[in-house]
Structure formats: structure tokens, C-alpha cells
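These protein sequence lines are chains A and R, in that order. Quick note, the first sequence lines up with residues 30 to 318 if you use the working numbering. Quick note, the second sequence lines up with residues 839 to 1075 if you use the working numbering. Backbone N, C-alpha and C define an ideal beta-carbon position, used for all residues, glycine too. Bear in mind that the values here come from a model prediction, so they are computed numbers and not experimental data.
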Amino acid sequence: MELFVEQISSGLATGSIYACLALALVMIFKSTNHINFAQGEMALLSTYFAWTLLAAGLPYWATFLLTIVVSFIFGVVIERTVVRAFSSAPHLSLVVVFVGLLLTFNALAGWIWGFMLKDFPSPVRGLSTGTSLVDAHELFVVAVTFVQLVALFAFFRFTKLGLAMRGAALNPASARLVGIRVGWMLALGWGMAGALGAVAGMLIAPVVYLDPNMMLGVLLYAFASAMLGGLGNPAGAVAGGLIFGVLENLMGTYVIGHELKLSFALAVVVAILLVRPAGLFGVSAVRRV
Amino acid sequence: MPAILQTVALQAFYGSTQALFGVDVAVEAGGITALLGANGAGKTTTLRSICATIRTNGSIIFDGERIDALSTEDIARRGVAHVPDGRGTFSELSVEENLQLGGYLLSGGRAYRDSFDRVMSYFPALKERRRQQAGTLSGGEQQMLAISRALMARPRLLLLDEPSFGLAPLIVREIFRILRRINQEEKVSVLLVEQNARLALDLADHACLIETGTVVISATADEMRDDEGVRRAYLGY
């Protein structure tokens, strides 16, 4: 029984990590209708940037905030320079651009910081949680994920800027006609995704150690989580991440063993999408023709 | 009366294909000008040119200033609202969110609520449907929503692209009645593109007839109605 509870709680913690990166994917999807394959590697660069600041002696929370700000700007710059150049290109060209960015950033990280595993600190490492079932960093990850989820939900639901970003993504031509500067909305979406990715990277690194391939596996899970929950829905992405984390653990421990758990998880996603193409919590919009 | 909008020798292009060959139209301040013409004559293109959604040559003067070099967003910010061809509804969003986007340029919640109440006084049916997804409204309601969205930001010029398109005659008459009220009560000038020439001439005080990308007749609505050629070709009696 204790093993069971432990598998669930650690599944929720890894699931939160998937959810974190999935939120960044959802952010770009919601504001631009694109799926950014380079999201994980952008987060990787952010994490290395944070590592460099920490190595230079900056305190953790200052590093945390500074990294978020710099990653936001980085996201905006990538959109304004690289992605903007392909704004009238077909979707598939953009997919190639995103894959290109993925490889570029990955190589860049290896070139600048090398391939040695680096230890990345957690601000709560060593704190006691009063139980052996869950450690402090896992709780920290879960808490941060939920704070981000609530903040994102409130941003899109209740703020004028959030609505303008949704409008710009759904119908750019009409958005321009009501005076929304669509180009900046897209850049803002990339900036926010950059910031969310940075948080995800800094939460993941203490668990798996920092190296240039840290995000590859996580990105795959994050994609699957976002698809599972419904790409346009932050809460769905988080739920998808958590379901994934738990399922992966339980299956790995009790049913199919460690080697097949990723394949199994992906099979589950395919099965669910067959029945519900918009994802578990996605809403397919009704459209009159 | 001075013109609030005037185009001079306006040319427009879709890629390398030229669609307008020197269009001169004017809207008087507070007035309604109708653009008449057959399918493909360049009516919709003229509206698109004014909002800079396609490439143009020539000058467009709004309220005494040239706007032909501005972006679509900046033209909207000057007070030009466009109800585009196909209505431009944000179909996935709710009715109220559509109106909020229409009022994007308003500053503050109070200005928004004032605009909302004012616009809903013309279209009370929409108010009851404010939480409904806009894409599920009937065609007539979607047209009303498109007009409401355009009015939210208190524009000085309203560009209307075929408000009668695809609607039942009864609904069309209602919408045109409301448009007349809006023109008078909101002091908003209107440039109206309409296939239904009779309807358009009843509402407008001035009309331009466009054929293959140029204005062939520009006259008051009454003169246009009495013109033998126009009557035969576009009014059908």
C-alpha cells in the first residue's frame, strides 16, 4: 500500500513537471495557433542562463526572477525575428523552422556549456515535509504549477490583454479592424511562453540534472499532456500532465515494467484522441457554415 | 457639408492583379453614401482599401488627414470601423467577448459599460444572448453582432459590407431601420456597400455606381433612383 501511495505522489510530482512545460506549449498555441517544437530547448537555454548566474554567486530567488524576465525578452525576440519572417508561409514551413530552432538551441547549449551533467539547486532542498512519501522539491513543483495555472487562467479569462491575445489568434483580420496590434500580441505570447518554459526548466533541472538533452524526453511528455488535455486549455494541459505522470508510474511498477511505460503512455493518448479528438477537456467550437 | 472621407484616384491590387482603377468616392460628415454595382465591380475592394487590408495607390483622406500610409490598426484607432465581408465574427468567443474586443480601444470599464448599454439599446436581442458562443447565433443575429462590435469603439465612420447578405427580407428591413437610427443618433457617417440597390438608395443620401473598378456615376440618391440606366440595370423596373 505504501508503494502504491508513493507511486501516486511521485507520479503527481513528475506530472507537474510535464504540466509546466505543457503550459508553455498551450500559451503559444492559444496566442498564435502554432505548436512550438523548440519550446523545450528554449527552456534549456533559460536554465543554463540561470545556472550561470547561480555559479556567479547570485542568490536563488534573484536568479529565478531575472531568468524569467530575460526568457520573456528572449521569446519576444525570437518571434519578432525568426518566426515573423515566416508569418505568411504555410504551416509546414513553420514546423521545419521550429525543428531547426530545436536543433540550433540544443547544439548551442552543448557548445557554450558542454555536455557534463551539472547540478542545479532547488530552493527547498533538504527541507523536511514530515513524511517520507514526498520530498520538498516535489511539493514545490506541484505548488508552482498550480500557481501558474491559476495565473494563466485568470489572465486569459479576465484581462483585456488576455482577451485581445485570444482574439488575435482566432481571427487576426478582425482583431486588426478593432485596433488590436496583432503582431505584438503574437510576440507577447512567445514572451510569456518563454517565461513559463524558464520556470519549467528551473524546476526540472534539480530532478534530472542539467545537460543539453535534459528537455528532450520532457518535451515529448509535455506534448502528450497538452494533447491529452486539449491544446487550447491550460487546465486541461495540467490535468493531462498529472494523469500522465501517475499513469506512467503505476503502469511501470505494476503492469508492464519500466521499459514500455513511455510507449504505453503514448498508446493511451492515441486511444483517447481517437474517441475525443479535441482532448479530454478540449471543447470543439461549434461553427455555422 | 465637408467630407469626412474622400478617396482620390484610388487604385488597389490583389497581388499583381489590379482591381480598382481610380475610384473617387466621398462620404459627407453625418451622411450615408452607398456604393452600388454588380458582383466583382470593386465595392468590397474599395472598403478593404480604406482599411489598408490590401495594397493601394492614390490618396484616402479621413477627417482632413491622409490615412493611406497607415496600418489597419492605426486606421481603426482614428475612428474608422469596418463590418467586413463575411461579418468577421470571432465565432469561438461569446457574444459579450466579441463586444469587449469591439471596445478594445476604449479606456476603462466605465467607458465600456456605457458603450455596451448604448449599443445594446439598438439590438436588445443580443443582450439576452451575451453568454452564447457567437458562432451559434443565427445569420441575422451575427450581422447585428458585427454592427454592434463595430459601434463599440464609438467610430466616426462606419464601413458596412453588404449587411443584407444571406438574410431574410424581414430581418434585412429591420437592420436597415436600425442603421438609420444609428446614423442619426450616433452621429456616425456611413459608407455602405450593398447589392440590393433599392434598399441602399432608400437609406443613403448619396450613391456611387462602380463598374469594373471605376466610379461611373456619382449622384444624390434621388438622382440615382431616377436615372434610366441605373433603374434598368440595378433596380430592375
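In the DSSP annotation of this structure, the continuous segment of the alpha helix (DSSP H) that includes R/ASN936 starts and ends at 933–940.
Chain A has a Cβ within less than 8 Å of the Cβ of R/ALA914.
Neighbours of R/PHE928 in chain A, taken as residues whose beta carbon is under 9 Å from its own, are ARG195, GLY196, LEU199, ASN200, SER203 and ALA204 in chain order. It is roughly 10 Å from the alpha-carbon of A/TYR238 to the alpha-carbon of A/LEU232.
Considering only A/GLY270, A/ALA222, A/ASN62 and A/GLU35, the residue with the shortest C-alpha distance to A/ILE102 is A/ALA222.
Considering only beta carbons, the part of the stretch 933–963 of chain R lying closer than 7 Å to chain A consists of GLU935, GLN938, LEU939, GLY940, TYR942 and LEU943, in chain order. The three-state secondary structure of R/ALA857, taken from DSSP, is strand. Looking at the backbone, the Cα of A/SER75 and that of R/LEU885 are separated by about 46 Å. A check of alpha carbon separations from A/VAL176 across A/ALA67, A/TRP219 and A/VAL228 identifies A/VAL228 as the nearest. A buried status is given to A/TYR77, since no fewer than 16 other beta-carbon atoms sit within 10 Å of its beta-carbon. Collapsing the DSSP output to three states places A/HIS120 in a helix. Annotation: Cβ neighbours of A/ARG210 in chain R (cutoff 8 Å, chain order): GLU911. Of the residues A/MET280, A/ALA264, A/SER254 and A/GLY281, the one whose Cα lies closest to the Cα of A/VAL299 is A/SER254. In the three-state reduction of the DSSP assignment, R/PHE1014 falls in the helix class, which pools H, G and I. Burial state of R/GLN981 is buried, judged by a 10 Å Cβ sphere holding 16 or more other Cβ atoms.
Against R/PRO922, the close residues of chain A are ALA202, SER203 and LEU206, in the order they occur along the chain (beta-carbon pairs closer than 9 Å). Taking a Cβ-Cβ cut-off of 7 Å, the neighbours of A/LEU192 in chain R comprise GLU935, GLN938 and LEU939, given in sequence order.
Contact between the stretch 284–296 of chain A and the stretch 857–864 of chain R is not established, with fewer than three Cβ pairs separated by less than 8 Å. Among the bridge pairs identified by DSSP, R/LEU1029 is matched with R/THR871 and R/LEU997. Taking C-beta atoms as the reference points, A/LYS59 and A/GLY246 fail to come closer than 8 Å. Rounded to whole angstroms, A/ASN65 and A/GLY218 show a C-alpha spacing of 11 Å.
Along the stretch 845–856 of chain R, none of the residues has a CB nearer than 9 Å to a CB of chain A. For A/GLY258, the three-state secondary structure derived from DSSP is helix. Between R/LEU998 and R/PHE1014, the C-beta spacing is not below 8 Å. Taking the Cα positions, R/GLY941 is about 8 Å away from A/VAL207. Excluding five sequence positions before and after R/ASN1034, the CB atoms of its chain that fall closer than 6 Å to its own CB belong to SER1002, given in chain order. Within the same chain, and ignoring the five residues on either side of A/VAL128 in sequence, the residues whose Cβ sits closer than 6 Å to its Cβ are PHE66. Pairwise C-beta distances place the stretch 94–112 of chain A out of contact with the stretch 272–281 of chain A, as fewer than three of them are shorter than 8 Å.
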